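Numbering of the sequence shown is given in UniProt numbering, commencing with residue 1 and proceeding in unit increments.
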Amino acid sequence: MSTITHAIAAPAPGAPLAPTTIERRDLRPDDVLIDIAYAGICHSDIHQAKEDWGQAIFPMVPGHEIAGVVAAVGSDVTKYRVGDRVGVGCMVDSCGECEYCQAGREQFCVKGNVQTYNGVGYDGENTYGGYSQQVVVKDAFVCRIPEGIDLDVAAPLLCAGITTYSPLRQWGAGPGKKVAVVGLGGLGHMAVKLAAAMGAEVTVLSQTLKKQEDGLKLGAEHYYATSDESTFEVLKGQFDLILNTVSAKLPIDAYLGLLRIGGAMVNVGAPGEPLSYSAFSLLGGNKVLAGSMIGGIAETQEMLDFCAEHGIGSEIELISADRVNEAYERVENSDVRYRFVIDTATIGA
């Protein structure tokens with residue numbers, strides 16, 4: 001029988017989130033029922049709840065940074081058992097047949113991956129996310145959270161972790177490489193931790209120096225304020241990779257000037273207005289301006305295993321469900337170090 005579970009929902013665009021109940025589907029043979037313990041608050045949750053990115057589905061239960069424990073499994077599931085520690089990220093299904101799905105890059109599914117929330121499944125049903133006490137997910141889109149990572153600090157890894165891990169791996173962050181991370185927020189602080197653990201020499205580029213102490217503790221060796229124009233002269237031609245984690249309009253040409261010959265600037269932030277640059281900023285140094293979007297399920301599991309091996313979790317502020325609207329305001333004011341995580345046991349309490 002289907003499960004009724006407590007949740008927090010946005011009833012309409014921009015409306016305050018409020019407690020509700022939702023129905024989770026009956027277990028199919030390849031499904032996993034998860035008792036959610038913690039759900040991270042991603043800035044994209046706020047954009048979606050405000051309908052900033054186009055038409056959305058309401059009522060909306062946000063949340064794609066999910067950590068919990070398996071409560072039940074379908075008849076065909078062999079990978080997971082009741083009691084296993086698991087996580088769910090930004091997607092919960094894909095066609096499984098196209099070239100990208102076959103290559104383990106489900107995020108690029110030709111038919112479109114099914115988003116964890118604000119999506120429509122192949123069965124025509126709307127998806128509801130992790131701001132709830134239970135979720136039912138196809139086993140192929142569930143990841144194992146290794147021992148050695150607490151579930152609360154693991155939850156943000158399912159989005160912030162994989163969003164930064166994937167481009168760092170793709171563009172070769174490691175020993176002998178100089179990596180700059182633009183912004184020290186929810187994504188940026190994970191990028192610093194991961195790049196440092198990979199062996200790269202890490203520099204943080206932030207508007208001011210107010211988080212300098214944090215940046216150095218997280219693993220950066222250098223920290224510069226981009227509001228100081230001399231920064232762009234001092235660091236000219238220094239970096240193999242710049243990972244831009246902010247959702248703001250940046251002077252792209254100035255940042256491209258910080259790259260070594262053949263270097264790459266990769267964007268994972270999503271600003272609301274177009275970015276512009278001069279083609280000569282790329283042509284003159286055989287440089288690359290690129291983008292990156294999460295990772296496939298196999299790479300997400302690889303990231304979780306890497307984090308367990310290196311003792312990496314997100315820096316979080318754990319909150320009760322009744323503080324979600326306050327948390328949204330604080331995220332928009334950049335007043336969090338560095339990820340809010342909801343204790344889902346408090347939903348409906």
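No residue lacks a Cβ here, since even glycine has one placed at the ideal position from N, Cα and C. Fair warning: this is a prediction, and the values are worked out from it, not measured in the lab.
Notebook entry, point to check: Got a sec, what are the start and stop residues for the alpha helix (DSSP H) residue 256 sits in?
Noted result: Position 256 of the sequence shown, counting from 1, holds the residue named residue 256. Its alpha helix (DSSP H) spans residues 252–256.
Notebook entry, point to check: Of all the options 262, 142 and 282, which has the alpha carbon lying nearest to the alpha carbon of residue 298?
Noted result: Start at 1 with the first residue of the sequence shown, and residue 298 comes out as number 298. Closest by alpha carbon: 142.
Item checked: Those residues which DSSP pairs with residue 93 across a bridge -> Start at 1 with the first residue of the sequence shown, and residue 93 comes out as number 93. Residue 93 pairs with 114.
Note to self: With a threshold of 8 Å between beta-carbons, can residue 40 be considered close to chain D, or not?
What the structure shows: In the structure shown, chain D cannot be found, because there is only a single protein chain.
Checklist line | DSSP state of residue 244 mapped onto helix, strand, coil | finding: By one-based count along the sequence shown, residue 244 stands at place 244. If DSSP states are grouped into helix, strand and coil, residue 244 belongs with the strands.
Next item on the list: Could you name the residues of the same chain whose beta carbon sits closer than 6 Å to that of residue 40, not counting the 5 residues immediately before and after it, in chain order?
Entry: Counted from its first residue, the sequence shown places residue 40 at position 40. So the qualifying residues of the chain are 65, 155, 156, 339 and 341.
Margin query: Based on DSSP bridge pairs, tell me the residues matched to residue 14.
Written below: Here residue 14 refers to the residue found at position 14 of the sequence shown. According to DSSP, which records beta bridges pairwise, residue 14 is partnered with nothing at all.
Check: So residue 163 is in the alpha helix (DSSP H); what residue range does that whole segment cover?
Finding: Counting from one through the sequence shown, the residue named residue 163 turns up at place 163. Run containing residue 163: 160–170, per the alpha helix (DSSP H) assignment.
Checklist line | Pick from 78, 337, 105 and 16 that is closest to residue 62, judged by C-alpha positions | finding: Residue numbering aside, residue 62 sits at position 62 when the sequence shown is read from its first letter. Cα-wise, what sits closest to residue 62 is 16.
Next item on the list: Assign residue 246 to one of two classes, buried (16 or more other C-beta atoms within 10 Å of its C-beta) or exposed (fewer than that).
Entry: Your numbering for residue 246 matches position 246 in the sequence shown. Per the 10 Å Cβ criterion, buried.
Notebook entry, point to check: So what's residue 186 in DSSP terms, helix, strand or just coil?
Noted result: Within the sequence shown, residue 186 is the residue found at index 186, counting from 1. Helix, per DSSP.
Margin query: Rounding to the nearest angstrom, what Cα-Cα distance links residue 69 and residue 273 in this structure?
Written below: The residue you call residue 69 lines up with position 69 of the sequence shown. The residue you call residue 273 lines up with position 273 of the sequence shown. Between residue 69 and residue 273, the C-alpha separation is close to 40 Å.
Next item on the list: Give the DSSP-derived three-state secondary structure of residue 134 in the structure shown.
Entry: Here residue 134 refers to the residue found at position 134 when the sequence shown is read from its first residue. Residue 134 falls in the strand class under three-state DSSP.
Next item on the list: Run the CB neighbour count on residue 175, radius 10 Å, all protein chains shown included, and call it buried at 16 or more, exposed below.
Entry: Counting from 1 along the sequence shown, the entry for residue 175 is found at position 175. Classification of residue 175: exposed, given that the 10 Å Cβ count is below 16.
Notebook entry, point to check: So what does DSSP say about residue 226, is it helix, strand or coil?
Noted result: Numbered from 1 along the sequence shown, position 226 holds the residue referred to as residue 226. In this structure, residue 226 counts as coil in the three-state DSSP scheme.
Next item on the list: Pull up the distance between the alpha-carbon of residue 172 and that of residue 264, whole angstroms please.
Entry: Taking the sequence shown and counting its residues from 1, the one referred to as residue 172 is at position 172. Taking the sequence shown and counting its residues from 1, the one referred to as residue 264 is at position 264. One C-alpha to the other measures close to 10 Å.
Next item on the list: From the DSSP output, in three-state form, read off residue 174 for me.
Entry: Here residue 174 is taken as the residue at index 174 of the sequence shown, counted from 1. Residue 174: coil per DSSP, three-state reduction.
Next item on the list: Can you tell me the Cβ-Cβ gap for residue 5 and residue 134, rounded? I've got them flagged as a contact below 8 Å.
Entry: What you label residue 5 is simply residue 5 of the sequence shown in a count that begins at 1. What you label residue 134 is simply residue 134 of the sequence shown in a count that begins at 1. Correct: roughly 4 Å between the Cβ atoms.
Check: How many angstroms separate the CA atom of residue 229 from the CA atom of residue 288?
Finding: Here residue 229 is taken as the residue at index 229 of the sequence shown, counted from 1. Here residue 288 is taken as the residue at index 288 of the sequence shown, counted from 1. Approximately 23 Å between the Cα atoms of the pair.
Notebook entry, point to check: Whose C-beta lies closer than 6 Å to the C-beta of residue 184 among residues of the same chain, with five residues either side of it excluded?
Noted result: In the sequence shown, counting from the first residue as 1, residue 184 sits at position 184. Excluding positions up to five away in sequence, the list reads 204, 206, 211 and 215.
Check: Cα separation between residue 269 and residue 256?
Finding: By one-based count along the sequence shown, residue 269 stands at place 269. By one-based count along the sequence shown, residue 256 stands at place 256. Spanning the two alpha carbons is a distance of roughly 16 Å.
Checklist line | Coarse secondary structure for residue 58, derived from DSSP in three states | finding: Taking the first residue of the sequence shown as position 1, residue 58 is located at position 58. Looking at residue 58 - three-state DSSP - the assignment turns out to be coil, as it is neither helix nor strand.
Note to self: Let me check understanding here. Comparing Cα to Cα, which of 45, 47 and 138 lies closest to residue 350?
What the structure shows: It is not possible to answer for residue 350, since the shown part of the chain is limited to 1 through 349.
Next item on the list: For residue 143, write down the residues that DSSP places opposite it in a beta bridge.
Entry: In the sequence shown, residue 143 corresponds to position 143, counting from 1. According to DSSP, residue 143 bridges with 87.
Checklist line | Best match in 44, 59 and 279 for proximity to residue 328 [C-alpha to C-alpha] | finding: Mapped onto the sequence shown, residue 328 falls at position 328. Ranking 44, 59 and 279 by Cα distance to residue 328 puts 44 first.
Item checked: Cβ neighbour criterion (16 or more within 10 Å) applied to residue 423 -> Nothing can be reported for residue 423, as the shown portion of the chain is limited to 1 through 349.
Next item on the list: Verify whether the separation of the beta carbon atoms of residue 89 and residue 42 is less than 8 Å.
Entry: Taking the first residue of the sequence shown as 1, we reach residue 89 at position 89. Taking the first residue of the sequence shown as 1, we reach residue 42 at position 42. Contact: no.
Next item on the list: Please say whether residue 59 and residue 140 have beta carbons closer to each other than 8 Å?
Entry: For this step, residue 140 is matched to residue 140 along the sequence shown. For this step, residue 59 is matched to residue 59 along the sequence shown. No. Outside cutoff.
Next item on the list: Could you pull the start and end residues of the alpha helix (DSSP H) that residue 231 belongs to?
Entry: Your numbering for residue 231 matches position 231 in the sequence shown. That run of the alpha helix (DSSP H) goes 231–234.
Notebook entry, point to check: From this set, 335, 95, 227 and 110, which residue's C-alpha is nearest residue 250's C-alpha?
Noted result: If you number the sequence shown from 1, residue 250 lands on position 250. Of the listed residues, the one whose Cα sits closest to residue 250 is 227.
Next item on the list: Give the DSSP bridge partners of residue 265, in chain order.
Entry: Counted from its first residue, the sequence shown places residue 265 at position 265. Looking at the DSSP assignment, residue 265 forms a beta bridge with 242 and 289.
Next item on the list: Inspect the beta-carbon positions of residue 344 and residue 36 and report whether they are closer than 8 Å.
Entry: One-based indexing of the sequence shown puts residue 344 at position 344. One-based indexing of the sequence shown puts residue 36 at position 36. Yes, the Cβ-Cβ distance between residue 344 and residue 36 is below 8 Å.
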